[in-house]
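Undergrad: According to this note's numbering, the stretch in the sequence shown is residues 1 to 131, in order. Handing you a structure now.
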Amino acid sequence: MSVKTVRLGAPPKASALKIAANAWIATVTAGIGQSLTLADKLGVDPADLLAAIEGSAVDTPYLQMKGKAVIDRDFTPSFEVTGLLKDVRLAAQVPGVDSTLLDALASLYSGAADAGHGDEDVSAVWHAFQR
1 MSVKTVRLGA PPKASALKIA ANAWIATVTA GIGQSLTLAD KLGVDPADLL AAIEGSAVDT
61 PYLQMKGKAV IDRDFTPSFE VTGLLKDVRL AAQVPGVDST LLDALASLYS GAADAGHGDE
121 DVSAVWHAFQ R
């Protein structure tokens, strides 16, 4: 899913950019799952969290789209958990990169996959917070 083309030259740079971009997607999507779960556990309607963030500096179309998918429990895949997990694991192996966050993300996405959500959309990482 891209809205533009970025020309990087050699194919290895394109693959590297993909891994870095997917690490960002993994981080944001897991954050959405955790925040919606936290809101719910605190007695706040998760939809109210999305509404509160809407239009603010930290709002994104991705947050609204994936947040609504979680609320609706619609995990129809546009990017599968197992595909993102592969890239997170590759990112964690990059020499010189502190993998603390990537390792935590790999654990979350792996937990979702192991629970039977590997073929679902990456927003299904929400399931990892329902333990």
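For every residue, glycine included, the Cβ atom is placed at its ideal position computed from N, Cα and C.
#1: Please report the Cβ distance between Ile25 and Val122, rounded to the nearest whole angstrom; I am assuming they are in contact, meaning their Cβ atoms lie under 8 Å.
#2: For Ala51 and Asp40, I'd like the C-alpha separation in whole angstroms.
#3: Among the residues of its own chain, which have a CB less than 8 Å from the CB of Ser124, if the five just before and after it don't count?
#4: What is the residue span of the alpha helix (DSSP H) that Pro46 lies within?
#5: Please work out which residues of its chain come closer than 6 Å, Cβ to Cβ, to Phe79, disregarding the five sequence neighbours upstream and downstream, and give them in chain order.
#6: Taking 7 Å as the limit between beta carbons, can you name the residues of its chain near Ala92, skipping five residues before and five after?
#7: Whole angstroms are fine: how far does the CA of Val97 sit from the CA of Ala47?
#8: Got a sec, what are the start and stop residues for the alpha helix (DSSP H) Gly111 sits in?
TA: Reading from the atomic positions:
#1: Residue mapping note: residue 25 aligns to position 25 of the sequence shown, counting from 1. Residue mapping note: residue 122 aligns to position 122 of the sequence shown, counting from 1. That pair is a contact at about 7 Å.
#2: Here residue 51 corresponds to residue number 51 of the sequence shown, with the count starting at 1. Here residue 40 corresponds to residue number 40 of the sequence shown, with the count starting at 1. Using only the alpha carbons, I get a separation of about 14 Å.
#3: Within the sequence shown, the letter at position 124 stands for residue 124. According to the sequence shown, residue 124 is Ala rather than Ser. Phe75, Val81, Ala112 and His117.
#4: On the sequence shown, position 46 is the one that residue 46 refers to. Unbroken alpha helix (DSSP H) run through Pro46: Pro46 to Ile53.
#5: If you number the sequence shown from 1, residue 79 lands on position 79. Here the set comprises Val122.
#6: For the purposes of this step, residue 92 is taken as residue 92 along the sequence shown, with counting starting at 1. The answer, listed in chain order, is Ser99, Leu102, Asp103 and Ala106.
#7: Sequence index remark: in the sequence shown, residue 47 carries index 47 (1-based). Sequence index remark: in the sequence shown, residue 97 carries index 97 (1-based). In a straight line, the C-alpha of Ala47 is about 36 Å away from that of Val97.
#8: Reading the sequence shown from its first residue, position 111 is the one you call residue 111. Segment Thr100 to Ala112, the alpha helix (DSSP H) holding Gly111.
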